[in-house]
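First comes the structure, then the notes that go with it.
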Amino acid sequence: MTFKEEIQRRRTFGIISHPDAGKTTLTEKLLLFGGAIQEAGAVKSNKIKKGATSDFMEIERQRGISVATSVLAFEYDGIKINILDTPGHKDFAEDTFRTLTAVDSVIVVIDVAKGVEEQTEKLVEVCRMRNIPMIVFINKMDREGKDAFDLLDEIEQKLGLKVVPLSFPIGMGYDFKGIYNIWEKNINLFSGDSRRNIEETIKISDLNAPELNKLIGDKAAKTLREEIELVDGIYPEFDKQAYLDGHLQPVFFGSALNNFGVRELLDCFIEIAPKPRPKQSEERLVKPEEDKFTGFVFKIHANMDPNHRDRLAFIKIVSGTFERNKPYLHVRHGKKLKFSSPNAFFAEKKEIVDISYPGDIVGLHDTGNFKIGDTLTEGEAINYKGIPSFSPEHFRYINNADPLKSKQLFKGIDQLMDEGVAQLFTLELNGRKVIGTVGALQYEVIQYRLEHEYGAKCTYENLNVYKACWVDPKNSNTDEYKEFTRVKQRYLAKDKQNQLVFLADSAFSLQMTQQTYPNLKFHFTSEF
Ligand code: GDP
């Protein structure tokens with residue numbers, strides 16, 4: 001196969017959903033179609049269960065699972081599919097945001113009964129901002145849920161999407177009879193037996209044909225005809241380019257648990273979903289077809305095995321081929337590195353690979369060279385952008401609880417921050433260190449890992465911060481800026497990149513500050 005053909009046949013995507021909508025179940029069914037796993041139950045949920053906060057072993061176990069499910073690759077119909085795992089738990093939302101920089105498209109799973117939920121809204125918003133192509137899968141049609149049209153409305157309104165159904169349910173819950181596939185113009189009847197469902201599609205070229213009545217009964221046939229007429233009337237025709245540009249989102253209905261409607265989703269996905277897309281670097285747009293390798297780190301995972309302290313850095317290949325034992329430039333450090341055992345990930349194993357292509361993810365063993373967002377190239381000094389940090393929601397001072405281990409503590413904090421576990425701020429006034437996280441769970445993870453991986457002990461102290469705002473250095477030589485840094489010194493800190501951050505203690509004080517210093521610019525993400 002040529003280099004171009006290898007690129008053409010790759011699809012790298014993420015499945016996003018609110019916890020419990022059915023992401024794990026859907027992933028598993030997709031892997032079954034690819035023959036990547038043999039039986040149900042093989043894919044472990046990466047969910048952090050309730051109560052895990054106080055159970056460190058549970059957190060460790062969950063972290064283990066999240067390495068195992070970081071990337072799941074399989075082949076289907078000659079297409080190489082890479083599914084990137086995205087934690088649904090809100091405390092790990094940052095991890096998901098970063099993973100979204102490495103996908104070329106996403107599938108959004110929505111529970112038919114619950115509709116659009118909080119995490120779905122947040123994650124879809126990030127995808128929308130980046131114009132990532134999205135397909136929506138409405139799951140659990142075997143249960144009573146919301147009316148299909150109402151749900152489509154809700155998706156448009158709450159998620160700001162423009163939907164076009166490519167399949168439509170025939171009844172739901174107890175009366176669920178099957179799915180009319182608008183895309184392929186056929187019907188798939190539901191029998192509640194997942195093994196049979198896969199094969200049983202019936203071609204229906206004309207919805208008005210009397211066979212339809214025989215198949216699903218007069219009443220359901222009449223309803224379906226009316227509903228499809230409505231669909232035709234309300235929704236635009238599917239336009240692949242609009243989907244690829246992120247302006248139109250096709251919708252499928254089904255039941256992941258019953259493996260129903262999943263093949264339809266997958267067949268459409270491999271046909272329309274984008275192959276690896278070009279990526280913007282600070283210097284220029286890089287195309288996958290370029291022959292020189294470039295890639296970036298979007299995730300770093302500590303090794304769970306305490307005897308092997310190295311970490312695994314996950315690289316998305318943007319252009320060219322990544323080859324084993326070839327020296328590549330670590331742009332931030334300006335030095336060349338060679339990797340003797342790059343890992344590729346499959347459904348149930350990881351393997352050392354000699355060559356990987358754009359769209360693929362490789363895992364590189366790392367002893368502390370990498371941090372999230374780093375770029376690797378064949379020699380060109382380019383930097384991929386687009387992994388901003390958002391303002392954390394929780395802030396705590398971190399204190400050293402064992403004076404003899406301060407070196408270990410600082411090293412540990414440093415490395416955990418490079419992994420993107422949390423954000424570190426150093427106060428201007430007294431040099432105290434503050435850790436900001438998205439969820440309270442991270443503090444426990446950090447404390448546990450500092451102790452077990454670095455032999456350091458820490459305690460926390462609450463700090464009242466409403467929001468971290470990055471201060472634009474643009475006006476730094478004006479009197480206004482100097483006055484601001486003098487008056488607000490108590491609230492100022494530096495982040496890990498040495499950028500100045502204003503830790504506002506309330507919405508009111510932030511507003512007042514903005515009014516008092518109208519020429520200063522405050523940003524709510526670290527990249528501006
Ligand atoms: P995740 O948190 O999004 O990964 O959700 P899971 O895949 O773990 O599913 C959450 C729960 O919903 C599990 O108990 C599944 O068995 C169940 N579930 C998933 N898909 C369906 C479905 O199509 N129908 C029904 N009735 N239950 C489902």
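With the UniProt record's numbering, the residue at position 131 of the sequence shown is 131, and numbering never jumps. Each residue gets a CB set at the ideal place from its N, CA and C atoms; glycine is no exception.
Starting from the Cα of residue i, find the closest Cα among the options and give me that residue.
i           : options               : result
residue 260 : 401, 201 and 392      : 201
residue 344 : 83, 32 and 3          : 83
residue 405 : 364, 452, 396 and 431 : 452
residue 226 : 293, 207 and 334      : 207
residue 141 : 119, 132, 152 and 174 : 174
residue 278 : 25, 79 and 245        : 245
residue 125 : 112, 247 and 239      : 247
residue 182 : 252, 498, 395 and 334 : 252
residue 325 : 363, 431, 312 and 339 : 339
residue 498 : 426, 466 and 481      : 426
residue 19  : 77, 161, 109 and 8    : 109
residue 163 : 121, 235, 23 and 188  : 235
residue 312 : 35, 297 and 321       : 297
residue 420 : 185, 438, 431 and 115 : 438
What are the boundary residues of the alpha helix (DSSP H) that residue i is part of?
i           : result
residue 159 : 148 to 159
residue 233 : 218 to 234
residue 4   : 3 to 8
residue 414 : 406 to 418
residue 381 : Per DSSP, residue 381 belongs to no alpha helix (DSSP H) and is neither H nor E.
residue 94  : 93 to 99
Please list the terminal residues of the continuous beta strand (DSSP E) segment that includes residue i.
i           : result
residue 508 : Unbroken run through residue 508 is the alpha helix (DSSP H), 507 to 516; no beta strand (DSSP E).
residue 166 : Here residue 166 belongs to no beta strand (DSSP E), and DSSP marks it neither H nor E.
residue 366 : 361 to 366
residue 345 : 343 to 345
residue 31  : Counting along the chain, residue 31 falls outside any beta strand (DSSP E), though it belongs to the alpha helix (DSSP H) covering 23 to 33.
residue 375 : 375 to 377
residue 396 : 394 to 400
residue 519 : Note, residue 519: premise wrong, no beta strand (DSSP E); not H, not E.
residue 180 : 178 to 181
residue 80  : 79 to 84
residue 238 : Unbroken run through residue 238: none, as it is neither H nor E.
residue 73  : 71 to 76
residue 187 : 186 to 189
residue 335 : 335 to 337
Mapping DSSP to helix, strand and coil, what is residue i?
i           : result
residue 433 : strand
residue 130 : coil
residue 204 : coil
residue 310 : coil
residue 54  : Caution is warranted here: a pLDDT of 46 is assigned to residue 54, below 50, making its placement in the model unreliable, and no coordinate value can be reported.
residue 107 : strand
residue 356 : strand
residue 114 : coil
residue 197 : Because residue 197 carries a pLDDT of 48, less than 50, the predicted location of this residue cannot be relied on, and the following value inherits that uncertainty. DSSP places residue 197 in helix when its eight states are reduced to three.
residue 370 : coil
residue 124 : helix
residue 162 : coil
residue 325 : coil
residue 525 : strand
residue 211 : helix
residue 350 : strand
Taking the straight line between their C-alpha atoms, what separation do you get for residue i and residue j?
i           : j           : result
residue 449 : residue 94  : 19 Å
residue 557 : residue 104 : Here the chain has residues from 1 to 528 only, and residue 557 is not among them.
residue 21  : residue 128 : 20 Å
residue 265 : residue 132 : 18 Å
residue 217 : residue 12  : 41 Å
residue 486 : residue 413 : 29 Å
residue 352 : residue 395 : 40 Å
residue 269 : residue 75  : 13 Å
residue 134 : residue 159 : 12 Å
residue 455 : residue 443 : 16 Å
residue 178 : residue 257 : 14 Å
residue 397 : residue 433 : 6 Å
residue 318 : residue 92  : 25 Å
residue 475 : residue 409 : 36 Å
residue 9   : residue 78  : 7 Å
residue 50  : residue 327 : For residue 50, the predicted model reports a pLDDT of 47, less than 50, meaning its position is unreliable and no value from the coordinates is stated.
residue 332 : residue 151 : 47 Å
residue 517 : residue 481 : 8 Å
residue 115 : residue 97  : 22 Å
Can you find a CB in chain D that lies within less than 8 Å of the CB of residue i?
i           : result
residue 293 : The structure shown contains no chain D; it is built from a single protein chain.
Pick out the complete alpha helix (DSSP H) segments inside the stretch 240 to 307, 4 residues or longer, and give them in chain order. Under the rule that a run must span 4 or more residues, the alpha helix (DSSP H) segments found entirely inside the stretch 240 to 307 read 240 to 244 and 262 to 272.
Going residue by residue through the stretch 421 to 500, where are the continuous alpha helix (DSSP H) segments of at least 4 residues, counting only ones entirely within it? Secondary structure within the stretch 421 to 500: the alpha helix (DSSP H) runs of 4 or more consecutive residues, fully enclosed, are 441 to 454 and 479 to 487 (chain order).
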